[in-house]
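Student: Pasting a structure here, questions to come.
There are 2 protein chains.
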Amino acid sequence: MKTSKVFTNPTILKILDYYKNLWALSYAIGIAHWDLETYMPPKGVGARGEALGRLSTIRQKLFLNKDFVSLIHKSQKINNLTDEEKAVVRMLTRSLKFYEKLPSKFIEEFENLTNKSTVVWREAKAKNDFKLFKPYLTKIFNSNCKMADYLGYVNSPYDALLDQYEEGLTTKYVENFFLEIKNPLKNLLSKIMNAKPARIATQSVAGGYDKQKMSELNDKILKYFWGEYGQNFRLDTSTHPFTTSFSKSDTRITTWYHDRDFARSLLATIHEFGHALYDLQSADELEMTSIAGGSSLIIHESQSRFWENFMGRSESFIDKFLSDMQLAVHSSQLTVDSVYTYFNKVSPGLLRVEADEVTYHFHIMLRFEIEKEVIEGRLEVRDLREIWNAKMKDYLGITPENDSEGVLQDIHWSGGSVGYFPTYSLGTFLGAQWADQMKVGPLQTRPLEGPTFVKLWLRNHIHKFGSTYTLVDLLKKNGMKFDPKVNLKYLQEKYSKIYNF
Amino acid sequence: MKTSKVFTNPTILKILDYYKNLWALSYAIGIAHWDLETYMPPKGVGARGEALGRLSTIRQKLFLNKDFVSLIHKSQKINNLTDEEKAVVRMLTRSLKFYEKLPSKFIEEFENLTNKSTVVWREAKAKNDFKLFKPYLTKIFNSNCKMADYLGYVNSPYDALLDQYEEGLTTKYVENFFLEIKNPLKNLLSKIMNAKPARIATQSVAGGYDKQKMSELNDKILKYFWGEYGQNFRLDTSTHPFTTSFSKSDTRITTWYHDRDFARSLLATIHEFGHALYDLQSADELEMTSIAGGSSLIIHESQSRFWENFMGRSESFIDKFLSDMQLAVHSSQLTVDSVYTYFNKVSPGLLRVEADEVTYHFHIMLRFEIEKEVIEGRLEVRDLREIWNAKMKDYLGITPENDSEGVLQDIHWSGGSVGYFPTYSLGTFLGAQWADQMKVGPLQTRPLEGPTFVKLWLRNHIHKFGSTYTLVDLLKKNGMKFDPKVNLKYLQEKYSKIYNF
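Protein sequences, first through last, are from chains C and Y.
Going by this note's numbering, the residue at position 183 of the first sequence is 183; the numbering climbs one at a time, nothing skipped.
Going by this note's numbering, the residue at position 172 of the second sequence is 673; the numbering climbs one at a time, nothing skipped.
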């Protein structure tokens, strides 16, 4: 083991040494997942599921090794630990609680259920048929209720699920957050919809694009953001963009190219880069420990959203790559202003992944409300399509014409995740706070000239700590607290300029 | 577990159930290796080595689980087992012997050594500097001597190493084999070198090629060979072509494109397909057991060589894809005859991987003699370059101008493999025997019209058994025994026609 100043306690060192086995298994599981989404021949899916199930079980058994559990218990009583050592204990205690409270049979059955559900969901989505997916979704919500019971909660079973994705997040907190942002966003959206968008010229940019040129542009952008692109970081293509990090010297993102809108490919690449950067800039000392890279989904999403919204949608960024964008869409008509207004167009749509900065949060509110109601037992899965469509009409004034654009659009539920969505909105709001702290962005004085300053700032204030701090502690360390008003103000000012109201 | 007629014994069923854990770990290790050679960003190599080392150790520990070892011991005493059940016992007994005889510390150190050595070998090869690699190669040979001592042997320590790659193969057997083929091949080569190769027109085919077109041709060939290409089988690019199979529904090969000779890319693709087919056609019942796919390296190489030499180098195959080859090399001058004589040109060269069917075996003899001499203590690693060059001069009349074309050309030693090379020659010779049995090939009456008959024959006589039988038993089952004369006769007759003597 590398000599390190942050880990010196003998018990912690023993823990970290044994932990490398768990790290290696997670590493292998990570590659198998990445491959599943990128290069695996489709018929390999059955054996892949079987292998992943076994590997999870092996990891669980290795985690529950008596000596290791004793070491964790022992470490919980040590007083003079460094912040990083405390974090190791905190993270392992969290995992231990999960393994100890959930019967291994339940974990295995849940894994099998979600493997099958993902396959059925894909089929149901392709066929626009919610009925196909309904029995699986019912089981998934039931299993999540059971999981909440196993894990325990004080107020709502939904609390136990939220906590899995974001340490300490509660239903009440999320409710208050949405309560705070709902009306301001409704008002803003209404102003935008009533404005005369004279500047918004989408005709010349919304057409098709050259996939090869777009792929080269993505490479060029990533090389500009990260000099070692290709050396410790790569980009591939998958059905849905994602980020995975096997080590800080091997971090990977994916993007997509499957529609006519070049902004979707470009902004997805930048969004995922934001996630990747967290792992790429985590401190060396944390490698192969339980606190390498980010763990808080809200912090993670604040990174991806920061890069997407404040870098990707900025005039200076568009200016930098305008000629490449012109090549990609085969149009010399593109101007900085036309791309800027296009990237920042606000328009209610059916799909969350296509949503703009304003309407996005209504998509999340809808999902949060549905999840909470089902988990708290006030809503049946069989009524989900109707509820979905009614809420969509209420929030955005539009109705899905089919299930694949409605209740079947997201992969999350089929994968077993209930309680994940709120982190998207909370993360996006936090992203605006980082911009505010850095004094970058459209409302700020510091011009966003290249990624160097931003990367350094993020490294020193966030990334280098990996998972050392919880969301609350990290904000405290940076002299901040979560404040939705920052993003609301940013949205108000930015869009009043674009839409001229 | 699937109901199966081949596995019914309760002890064997218990063994197979536990074995799935080992299978899952091998599966994960397999993906990590495949990724390392295909898509891994170069800086990921350190963490990858660390993860692979840990995963091997975990697999070893799981293998040596007391209950599992007891089951293996118990199974060794059962009498009325099916052939497949016997094979499960045989294969696990072989692995158990390996783990029980080699100290785990030795395995770990050897793994670390070979990880480092591969890196140093790459550097040494790039710099043409054997001196750089020499200390590592010395350690690798020393470790192999130590390994032979741990494993035990009767006559030569080299026997213990050969046995690792081919069950039961001995130094004496390999010596006799080379003794039998050496002079006939020398005579054949001398006749070829003295012949007037009027038909051999290489000028129009040895030029550069269009990588994109060549890649499309490789796809087309594989689709022709295997209808489900892309569904359960894929092709990628790597520094050196190889085959890996995660399951029979996810088998992968790689090829290369890095020189001006299109035959190298095409024949490598076909060669690896021969390996892949073994796994693709293994019986369903054997999936996730210790006898899925082939284990004998000689049988495996007999498959790849059969496809390469009897399919890829055949007139009917060339005829089938002639227009695609013309596109790939941008030349309409190509004829079946010009490509046929080009694919079957005999010419002493420095590189094993570029060698033709006749000179290939001298490359292997050289390596075998060197390995045997070093392991038996009559040759020092420091003299390897001189011995290599002297033998090359003796056998093929040529001398390497630099180490990368000489003693540094193969990856095998850096990866720790000593005793592997002989299986290449033995497998090639066995390949000709399969052609003889099937009555296909240039000397046979049955025309090689498409792959359907050949695939079916190979499935029924070889592939479906997976690793059920040893080489000797498989030959016996097919009413055959290993006979080098078959290949010698084939070479003699084929090349006397081409070279007109």
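For glycine and all other residues, C-beta sits at the position ideal for the given N, C-alpha and C.
Closer than 8 angstroms, Cβ to any Cβ of chain Y: which residues of the region 359 to 380 of chain C, in chain order?
Tutor: none
Student: Is the beta carbon of residue 790 of chain Y less than 8 angstroms from the beta carbon of residue 570 of chain Y?
Tutor: no
Student: With DSSP run on the structure shown, which of helix, strand or coil describes residue 922 of chain Y?
Tutor: Collapsing the DSSP output to three states places residue 922 of chain Y in coil.
Student: Terminal residues of the continuous beta strand (DSSP E) containing residue 754 of chain Y?
Tutor: 751 to 756
Student: So, for residue 794 of chain Y: in the same chain, excluding its five sequence neighbours on each side, which residues have a beta-carbon less than 8 angstroms away from its beta-carbon?
Tutor: 746, 749, 779, 780, 783, 787, 967, 968
Student: Take residue 2 of chain C and list the residues in its own chain whose beta-carbon comes closer than 6 angstroms to its own, dropping the five residues that flank it on each side.
Tutor: At residue 2 of chain C the pLDDT is 47, less than 50, meaning the model places this residue with poor confidence; the figure from the coordinates comes in the next sentence. None.
Student: Which residues in chain Y have a C-beta closer than 7 angstroms to the C-beta of residue 569 of chain C? List them in chain order.
Tutor: The structure shown has nothing for residue 569 of chain C, since chain C only spans 1 to 501.
Student: Does the region 908 to 927 of chain Y come close enough to the region 612 to 630 of chain Y that 3 or more CB-CB pairs lie under 8 angstroms?
Tutor: yes
Student: Going by the CB atoms, is the gap between residue 321 of chain C and residue 169 of chain C shorter than 8 angstroms?
Tutor: no
Student: Given a limit of 9 angstroms on CB to CB distance, which residues of the region 239 to 251 of chain C reach chain Y?
Tutor: 246, 247, 248, 249, 250, 251
Student: Using 8 angstroms as the limit for Cβ to Cβ distance, is residue 390 of chain C near chain B?
Tutor: In summary, chain B is missing from the structure at hand, where the protein chains are C and Y.
Student: Would a check of beta-carbon distances place residue 43 of chain C closer than 8 angstroms to chain Y?
Tutor: yes
Student: Around the C-beta of residue 227 of chain C, are 16 or more other C-beta atoms found within 10 angstroms, so that it is buried, or is it exposed?
Tutor: That one is exposed.
Student: With a 10 Å radius around its C-beta and 16 neighbouring C-beta atoms as the bar for buried, classify residue 544 of chain C as buried or exposed.
Tutor: Outside the shown range of chain C, which is 1 to 501, sits residue 544 of chain C, and nothing can be said about it.
Student: Let me confirm a value: residue 344 of chain C is counted as buried when at least 16 other C-beta atoms fall within 10 Å, else exposed. Which label applies?
Tutor: buried
Student: Residues of chain Y with CB closer than 9 angstroms to the CB of residue 273 of chain C, please, in chain order.
Tutor: Residues of chain Y passing the Cβ test: none, with the nearest at roughly 15 angstroms.
Student: With DSSP run on the structure shown, which of helix, strand or coil describes residue 736 of chain Y?
Tutor: strand
Student: When you compare only the Cα positions, how much space is there between residue 964 of chain Y and residue 629 of chain Y?
Tutor: 41 angstroms
Student: At a CB-CB cut-off below 7 angstroms, which residues of chain C make contact with residue 732 of chain Y?
Tutor: Close partners of residue 732 of chain Y in chain C (Cβ separation under 7 angstroms): 41, 42, 43.
Student: Work out the CA separation of residue 861 of chain Y and residue 931 of chain Y for me, nearest whole Å.
Tutor: Residue 931 of chain Y and residue 861 of chain Y have their C-alpha atoms some 15 angstroms from each other.
Student: With DSSP collapsed to three states, give me the class of residue 171 of chain C.
Tutor: Three-state DSSP puts residue 171 of chain C in a helix.
Student: In the structure shown, what three-state DSSP assignment does residue 744 of chain Y receive?
Tutor: strand
Student: Report all residues from its chain with a CB closer than 8 angstroms to the CB of residue 257 of chain C; omit the five preceding and five following residues, and keep chain order.
Tutor: 211, 214, 215, 237, 265
Student: Residues of chain C with CB under 8 angstroms from residue 521 of chain Y, in chain order?
Tutor: 50, 54
Student: Sorted by chain position, which residues of the same chain lie with C-beta nearer than 6 angstroms to residue 692 of chain Y's C-beta, five sequence neighbours on each side aside?
Tutor: 1002
Student: Residues of chain Y with CB under 7 angstroms from residue 502 of chain C, in chain order?
Tutor: Nothing about residue 502 of chain C can be read from this structure; chain C reaches only from 1 to 501.
Student: Under 8 angstroms between beta-carbons, which chain C residues line up against residue 735 of chain Y? List them in chain order, please.
Tutor: Those are 39, 41, listed as they occur along chain C.
Student: In whole angstroms, what is the alpha-carbon distance linking residue 125 of chain C and residue 135 of chain C?
Tutor: 14 angstroms
Student: Within the chosen definition, does the region 355 to 374 of chain C reach the region 76 to 95 of chain C through at least 3 CB pairs nearer than 8 angstroms?
Tutor: no
Student: Please list the terminal residues of the continuous alpha helix (DSSP H) segment that includes residue 996 of chain Y.
Tutor: 986 to 1000
Student: Quick one: list the residues of chain Y neighbouring residue 32 of chain C, beta-carbon separation under 7 angstroms, in chain order.
Tutor: 529, 532
Student: Between the Cα of residue 150 of chain C and those of C:141, C:156, C:160, spot the shortest distance and give me the residue it belongs to.
Tutor: C:160
Student: What does residue 58 of chain C touch in chain Y if you count any residue whose Cβ is under 8 angstroms from its own?
Tutor: 522, 525, 526, 559, 563
Student: To which residues of the same chain is residue 432 of chain C closer than 6 angstroms at the C-beta, ignoring the five residues directly before and after it?
Tutor: 486, 487, 490
Student: Can you list the beta strand (DSSP E) stretches of 3 or more residues lying completely in the region 597 to 685 of chain Y, in chain order?
Tutor: none
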